[in-house]
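Q:
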Amino acid sequence: MIKAKIAPQNPEANLGSYDEICSRFSWGDVEKQFTWYHTHQLNIAHEAIDRWADNPNTANHNALIFEKSGEIKTYTYRDLKIISNKWANLLKQYGFKIGDRLFIFLDPCPEIYFAMLAAAKLGVLFCPLFASLGYDELEERIENGKPRGILTNPDMDEWLPHDDMQAVQHVLLTHGPAPGLSAKETVVEGLADSMTDQFSTRWVDAQTPLYLLYTSGSTGPPKGVVHAHRDMIGQLISARYVLNLTPNSVLWADCDPAWVTGTVYGAFAPWLCGATSVIQADPFLTSTWYRTLERHNITVWYKTPRAMRRLMEAGEDLVGRYDFSSLKHIAVVGEALAPEIIYWFKKNFKITPHDTWWMTETGMICIANFPSMEIKPGSMGKPLPGIEAAIIDEKGRRLPDLTMGELALKPGWPAMMTGIWEDERRYKDYFRLPEWFLTGDMAIREPDGYYYHQGRTDDLIKIGVKLIGPYEIERALCQHPAVREAAVISKPAHPGEPRIKAFISINKNVTPSARLNQEIKAFVKAKLSSEVVLKEIVFMEEIPKTRSGKILRRALRAQDMGLPIGDHMKIKDF
């Protein structure tokens, strides 16, 4: 842990005094901010879009700005209400009803967001899928979710397992011509436009399923995480307090909607705040990313450490060529934010990145560094008001400060998942200890209430009687001037004497050598403890990670055992 502190970026931010807000916070007070609290008619699409579209003062405010291949499409709240109504009528025409599933398998395009809103208005459970999924991955998800229909395009239609889609009644293509792979194909291009723009939103129960996301994470097989319309309560308050959103905010959450961050903070959360969401659909390029910030006057940027590191690697010269004066806040999710990234962005953007922590299963940001609060570099921050977190042992007992244990949350926050699709046993496993939701993450809480991530529960390394997380060793490795990124695993050895193996990618101007190998081993031993001995170092071009930047240690373990690791960029998390 680093003792340095960074002063609050914005003492006047939405949250204000953390301690004061926490002392009087209640989820019930947040509920009063929604129209359904008074009308008893609930649907997230109404709160996110229609309420603003029906207000003359906000109807023409930009809700979605979508950019791809140089083309920019802008949609106001009124536009999104009209378009989503038409899409809801289209889905209704094809028999979709409350409880049905709609899978969305598309390259980035506005139709993804139209379909998500339309499904929500109908009470249909929508499920965005990564466009990079392979045949077997699609087959597995379709077999599990049994969607009534799949929205896709002709090129991606060819990836679908048509011979194993008995439950699927419709393959809806955003444009033609249809490839003719099955009789279920229908080209819907233009059909939505011909629909009436009037639609009576289906009022639902707060527990009605809203979306389904399949996540592999870094420790197990895919699971379908289910979230409900009630999530809007947590989405709203987290967007306000953590991202500091207001109706004047322009948020760019540069992440795919098939990742929970893209669904929640790329769409619903900013709209619940009446803000503008920007979607940049082009492949990563440093100049494109900087131009997007400048062109759209981005005020809040939510991104991953992986993307930030790529910007760092492009150097400092390019940063000064763009105008980032509109940018007021940067938030980060995906992995622990390395201090060097914090200081690089603070130097070059004049803004301090704020780390956040949450999971697909939590449905909202749960622990964060807030704009109005001091930052301790390397820390995840403090729990969001209304969230009770603790570090516990294997029996569910709270551990003292500065003691590593499992991060656990008290169940009951409004965005908590409602289930794992078709897998009740796996869902209950999160609650196997009384009174706790088990995250599977190891962490430390220090006396000021800040939390520090230490890796997953199955990543722990036991040295003597002491447990340490791989993150501590990886941070020491990354302090060596030759090391760009590092990942650590332990291998079975004598009890209390694990064989620690490091996988390292080095800086471009450095050449791997036996001398460098020994130098790095000695460096880590001096930095940490004589008990921490690196037995092996493997130099790699790139450390395998998920899309959000989380290190895939199980892929490294598989490689170490001589097993194939596959395409690690297809492995999703959150």
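Residue 10 in the UniProt record's numbering sits at position 10 of the sequence shown, and the numbers go up by one each step.
Ideal placement from N, C-alpha and C gives every residue a C-beta, glycine not left out.
In its own chain, which residues sit with a C-beta less than 6 Å from the C-beta of I387, not counting the 5 before and 5 after it?
A: Cβ within range, chain order: C366 and W413.
Q: Where do the ends of the beta strand (DSSP E) carrying E185 lie?
A: E185 to V187 is the span of the beta strand (DSSP E), which, as asked, contains E185.
Q: Between F105, P110, K121 and L117, which lies nearest to F130 when the distance is taken from Cα to Cα?
A: Of the candidates F105, P110, K121 and L117, the one whose C-alpha sits nearest the C-alpha of F130 is F105.
Q: Using 10 angstroms around the beta-carbon of A183, count the other beta-carbons present and answer buried if the total reaches 16, otherwise exposed.
A: Exposed is the call here.
Q: Let's see if you can read the secondary structure: which residues bound the beta strand (DSSP E) around V171?
A: Per DSSP, V171 belongs to the beta strand (DSSP E) from H170 to L173.
Q: For T58, which option in E67, T76 and A390 has the closest C-alpha, if you only look at C-alpha atoms?
A: Nearest of E67, T76 and A390 to T58, Cα basis: T76.
Q: Helix or strand or just coil, what does DSSP make of T286?
A: Here T286 sits in helix by DSSP.
Q: Between N369 and G378, is the Cβ-Cβ spacing less than 8 Å?
A: Not a contact, by the Cβ cut-off of 8 Å.
Q: In whole angstroms, what is the alpha-carbon distance linking D231 and G99?
A: D231 and G99: Cα-Cα distance of roughly 17 Å.
Q: Can you give me the Cβ contacts of A281 inside the same chain, cut-off strictly under 6 Å, excluding the 5 residues immediately before and after it?
A: K68 and P108.
Q: Within its chain, find whatever has a CB closer than 7 Å to the CB of G449; leave out the 5 residues flanking it on each side and keep chain order.
A: Cβ neighbours of G449 beyond the five flanking positions: K382.
Q: Can you tell which of S490, T362 and V250 has its C-alpha closest to the C-alpha of V533?
A: Out of S490, T362 and V250, S490 has the C-alpha closest to the C-alpha of V533.
Q: May I ask which residues mark the beginning and end of the beta strand (DSSP E) holding L534?
A: Element bounds for L534: L534 to F539.
Q: Taking the C-alpha atoms as reference points, what is the distance between residue 594 and V30?
A: Residue 594 cannot be examined here, being either before or after the span of the chain that is shown, 1 to 574.
Q: Below 6 Å CB to CB, which residues in the same chain sit around E335 once its five sequence neighbours on both sides are set aside?
A: So the list reads P305, G549 and K550, once near-sequence residues are dropped.
Q: What does a CB cutoff of less than 8 Å around S17 pick up in its chain, not counting 5 residues either side in sequence?
A: So the qualifying residues of the chain are S372.
Q: If I'm right that G145 touches L213 with Cβ under 8 Å, what's the distance once you round it to whole angstroms?
A: Going by Cβ atoms, the distance from G145 to L213 rounds to 11 Å, so no, they are not a contact pair.
Q: Taking DSSP's pairing of strands, which residues face I504 in a bridge?
A: Answer by DSSP bridge pairing, in chain order: A486 and F539.
Q: In the DSSP assignment, the beta strand (DSSP E) including W357 goes from what residue to what residue?
A: P353 to W357 is the span of the beta strand (DSSP E), which, as asked, contains W357.
Q: According to DSSP, is V510 part of a helix, a strand, or is it coil?
A: Three-state result, V510: coil.
Q: Can you tell me where the alpha helix (DSSP H) with Y452 in it begins and where it stops?
A: Here Y452 belongs to no alpha helix (DSSP H); instead the beta strand (DSSP E) covers Y451 to R456.
Q: Taking A269 as the reference, which of E374, R101, L117 and D441 has the closest Cα?
A: Here the closest residue by C-alpha is L117.
Q: Quick check on the DSSP output: what are the complete beta strand (DSSP E) runs of length 3 or more inside the segment 102 to 177, in order along the chain?
A: Entirely contained in the segment 102 to 177, the beta strand (DSSP E) runs reaching 3 residues are, in chain order, 125 to 129, 149 to 152 and 170 to 173.
Q: How far does the beta strand (DSSP E) with Y211 in it extend, from its first residue to its last?
A: First-last of the beta strand (DSSP E) with Y211: P209 to T215.
Q: Using 8 Å as the Cβ pair cut-off and three pairs as the minimum, do the segment 498 to 518 and the segment 442 to 457 touch?
A: With the cut-off at 8 Å, the segment 498 to 518 and the segment 442 to 457 do not touch.
Q: Quick one: residues in its chain with C-beta nearer than 7 Å to the C-beta of A314, no 5 flanking neighbours on either side, listed in chain order?
A: Around A314: T286.
Q: Report the start-end ranges of each beta strand (DSSP E) in the segment 368 to 404 that is 3 residues or longer and not cut off at the edges.
A: Taking only runs of at least 3 residues, the beta strand (DSSP E) segments lying wholly in the segment 368 to 404 are 389 to 392.
Q: Quick check: the Cα distance between W436 and D136, rounded to an integer number of angstroms?
A: Those two C-alpha atoms are separated by around 35 Å.
Q: Do you know offhand how far T546's Cα is from L90's?
A: Answer to the nearest angstrom: the Cα atoms are 35 Å apart.
Q: According to the neighbour-count rule (16 or more other Cβ atoms, all chains shown, within 10 Å of its Cβ), is R321 buried or exposed?
A: That one is exposed.
Q: Going by other Cβ atoms of all chains shown within 10 Å of its Cβ, with 16 needed for buried, is Q235 buried or exposed?
A: Buried: at least 16 other Cβ atoms inside 10 Å.
Q: From S23 to C255, what does the alpha carbon distance come to, in whole angstroms?
A: Whole-angstrom Cα-Cα distance: 34 Å.
Q: Here's a check: name, in chain order, each residue in its chain whose Cβ is nearer than 7 Å to the Cβ of P11, leaving out the five neighbours to either side.
A: Closer than 7 Å at Cβ, skipping near neighbours: S372.
Q: Can at least three beta-carbon pairs, one atom from the segment 290 to 307 and one from the segment 243 to 255, be found at a separation below 8 Å?
A: Enough Cβ pairs lie closer than 8 Å, so yes.
Q: To the nearest angstrom, how far is the alpha carbon of S277 from that of L64?
A: C-alpha separation (whole angstroms): 5 Å.
Q: Have a look at the DSSP bridge pairing and note the partners of L409.
A: Bridge partners of L409: A389 and F437.
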